[in-house]
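Undergrad: So the sequence shown is residues 75 to 210, counted in the working numbering.
Built from N, CA and C at the ideal position, the CB exists for glycine as well.
Because the structure is a prediction, the values reported are computed rather than measured.
Here it is, the structure, as structure tokens.
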Amino acid sequence: MRPDVALAVLRDLQTPTKWIQKISGESILLPVTVKALDSHKGQVTNALLDCGATGCYINQDFALRNNLFLECLYRPVPVYNADGTANKNGKIEYTTKLQLTVDNHTEVTTFTVTNTGASDIIIGFNWLKHHNPSID
């Protein structure tokens, strides 16, 4: 195994367990635009803001439907739903980098590709902690 691949696998092994929440009656959905970095094709959708999710996620069906470039992980990562059950798509095998626009803010964000249930996109705790948006 190449040294760079071995280091990437070791970093992956240190990554905490991935958790995905579900939509409840008090969920916050907001309109976002995601744009592919290669084709620059944009798509407007609603994203679920979820402080219980450990990262930013994109629905696998949404990613495939929009022909997004998927980058294969060195090692699949187990993912669990909020109720502790294994996610029905199984282990996470792909990520995708997209330009994410929320309100007036635009940045490139890495999304983990998995089954996100009814939401096309979940914006999780890491993004919320970094940006600390004011939510009414």
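1. Comparing alpha-carbon positions, which option in C130, K203, S193 lies nearest Q173?
2. Quick check on the DSSP output: the beta strand (DSSP E) that includes H179 runs from which residue to which?
3. Given a threshold of 16 other Cβ atoms within 10 Å of its Cβ, counted over all protein chains shown, does S193 qualify as buried or as exposed?
4. Let me check one thing: in DSSP terms, what residues is T109 bridge-paired to?
5. Hey, how far is the Cα of L104 from the Cα of K115?
6. Compare the beta carbon distance of I132 and F185 with 7 angstroms and say whether it is the shorter of the two.
TA: Taking the definition as stated:
1. Against the sequence shown, residue 173 aligns to sequence position 99. Checking every option, the nearest Cα to that of Q173 belongs to C130.
2. The count along the sequence shown starts at 1 and reaches residue 179 at position 105. Where H179 is concerned, the enclosing beta strand (DSSP E) stretches over 179-188.
3. By one-based count along the sequence shown, residue 193 stands at place 119. That one is buried.
4. On the sequence shown, residue 109 is found 35 positions in, with the first residue counted as 1. Looking at the sequence shown, residue 109 is not Thr but Lys. Note: K109 sits in a beta bridge opposite G116, Q173.
5. In the sequence shown, counting from the first residue as 1, residue 104 sits at position 30. In the sequence shown, counting from the first residue as 1, residue 115 sits at position 41. Put simply, the backbone Cα of L104 is about 20 angstroms away from that of K115.
6. As a position in the sequence shown, residue 132 is number 58, starting the count at 1. As a position in the sequence shown, residue 185 is number 111, starting the count at 1. Using a Cβ distance threshold of 7 angstroms, I132 and F185 count as a contacting pair.
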